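Worksheet: one structure, shown below.
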Amino acid sequence: MFTADNPQTDGQTERVNRVVEDILCILVAEMPKRWSSMLPVVEFALNNSVHASTGYTPFYVNGLTHPHVPLTILPSGSGISGVEVVERLANFSLITVKKQVNAFLATQLNVLRHVRDAMAYSQDQHKEYADAKGRSCIYCYEIGDQV
20 MFTADNPQTD
30 GQTERVNRVV
40 EDILCILVAE
50 MPKRWSSMLP
60 VVEFALNNSV
70 HASTGYTPFY
80 VNGLTHPHVP
90 LTILPSGSGI
100 SGVEVVERLA
110 NFSLITVKKQ
120 VNAFLATQLN
130 VLRHVRDAMA
140 YSQDQHKEYA
150 DAKGRSCIYC
160 YEIGDQV
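One point on numbering: in this note's numbering, the residue at position 133 of the sequence shown is 152, and numbering is uninterrupted.
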């Protein structure tokens, strides 16, 4: 568990907390009585933002898809009709579905591997920075000292 006063708190957690705090400060200043109603929008925005360490959004990592937002929704009439959907579904074979599922799972596995590796690299970079910066030992203990 992380605490606000713990100097060894995870750097990524601190960064996210700082971003959330900045956003909430702006919301409270702009809408002192309605800021809490905007929390779902803030959550959506954070989950739809590309993470610097991984290059992916949390939405994409979680489900290999990006959410629809007004700029990505096709205008009405530009999509396929219900009849076309039924025809496409009727033409699906189990082999096609199995291939698509396997491709989805392989992509998901590759994304998760990439995220794991990118996060480990980022943590190593943070550790190197922290080690180079150093922190002196405030209390030096000897064997036999009572603590």
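For every residue, glycine included, the Cβ atom is placed at its ideal position computed from N, Cα and C.
All values reported here derive from a predicted model rather than from experimental measurement.
Per-residue DSSP class, three states only, for I1: This structure does not reach residue 1, given that the chain is present from 20 up to 166, and the question cannot be answered.
Buried/exposed call for T73, threshold 16 Cβ in 10 Å: buried
Inter-stretch contact (C-beta, 8 angstroms, three-pair minimum) for the region 128-143 and the region 56-73: yes
DSSP-derived helix/strand/coil call for V61: helix
E103 burial status per 10 Å Cβ neighbour count (16 or more: buried): exposed
Simplified DSSP state of C44, which is helix, strand or coil: helix
Status (buried if at least 16 other CB within 10 Å, exposed otherwise) for T84: exposed
Simplified DSSP state of K52, which is helix, strand or coil: coil
Cβ contact check for the region 44-54 and the region 107-115: 3 or more pairs under 8 angstroms: no
Reduced DSSP secondary structure (H/G/I, E/B, other) of A109: helix
Residue from L131, P86 and Q144 with nearest C-alpha to V60: P86
CB contact flag (V166, V130, <8 angstroms): no
Residue span of the alpha helix (DSSP H) that contains N81, given as start and end: P77 to G82
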